[in-house]
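Just below is one structure, and these are the notes that go with it.
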Amino acid sequence: MNIRIGQGIDFHRLEKGLDLNLGGVRIPYDKGCVAHSDGDVLLHAICDALLGAAGLRDIGFYFPDTSPEYKDIDSKILLKKTLDLVKEKGYSIVNIDSTVCLEKPKISDFIPGMRATISAIAGTEPDNVTIKATTTEKLGFIGREEGIVAMAVVLLSK
Ligand SMILES: [Zn+2]
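Whatever position you read off the sequence shown (first residue = 1), add 3 for my numbering.
In structure tokens:
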């Protein structure tokens with residue numbers, strides 16, 4: 004079996020008055036990610052992990068933040084387009100594992116919805132898409148609630 008691993012990481016600044024989109028789900032909170040797209044840091048990390056595993060370039064290469072085409076775009080569309088690139092290379096998903104690092108809000112109640120959303124787009128079972136959350140114990144920019152980081156690892160098979 005031809006299997007390949009990929010990893011992705013993404014950072015976004017948090018600012019008051021913006022929508023917080025995470026894993027394809029809107030989370031009620033008074034801050035959201037500053038971005039050219041809808042700022043879904045988790046979906047961006049997953050896209051980069053998928054692209055890496057498939058031997059492709061990064062998310063900024065395919066969906067540049069200078070392009071008006073991607074202004075405020077729903078990152079679920081970017082994930083779908085990324086999966087199309089991965090499929091073109093003949094790969095399918097074995098599993099996606101990810102971690103979101105943020106101080107607030109608590110996202111555990113939203114994780115089942117994120118898994119359902121991502122797995123539906125990816126055409127895989129929710130069991131194959133895992134999402135964990137952690138804080139930095141108030142350390143650094145994450146602890147000061149200035150930003151969010153997401154990391155993802157993907158396994159693909161051909
Ligand atoms: Zn991003």
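For every residue, glycine included, the Cβ atom is placed at its ideal position computed from N, Cα and C. Values in this document were obtained by computation on a predicted structure and should not be read as measured data.
Say the cut is 7 Å; is the CB of VAL44 nearer than that to a heavy atom of ligand 1?
yes
Go ahead and pull the three-state DSSP assignment for ARG118.
helix
Which runs of the alpha helix (DSSP H), 4 residues or longer, sit entirely within the segment 70 to 107?
78 to 91
Measure the alpha-carbon distance for ILE114 versus GLU128 and round it to whole angstroms.
14 Å
Which two residues bound the contiguous alpha helix (DSSP H) that contains HIS47?
44 to 56
Using a Cβ-based criterion (distance less than 7 Å to any ligand heavy atom), does ALA136 qualify as near ligand 1?
no
Counterpart residues of ILE165 in DSSP-defined beta bridges
Missing from the structure shown is residue 165; the chain here goes from 4 to 161 and no further.
Beta bridge counterpart(s) of ASP13 as assigned by DSSP:
ALA153
Could you spell out where the alpha helix (DSSP H) holding ILE145 opens and where it closes?
143 to 146
Does the Cβ-Cβ distance between ILE96 and LEU81 come in under 8 Å?
no
Cβ distance (whole Å) where ASN24 is taken to contact GLY11 below 8 Å:
Not quite, the Cβ-Cβ distance comes to about 17 Å (not below 8 Å), so this is no contact.
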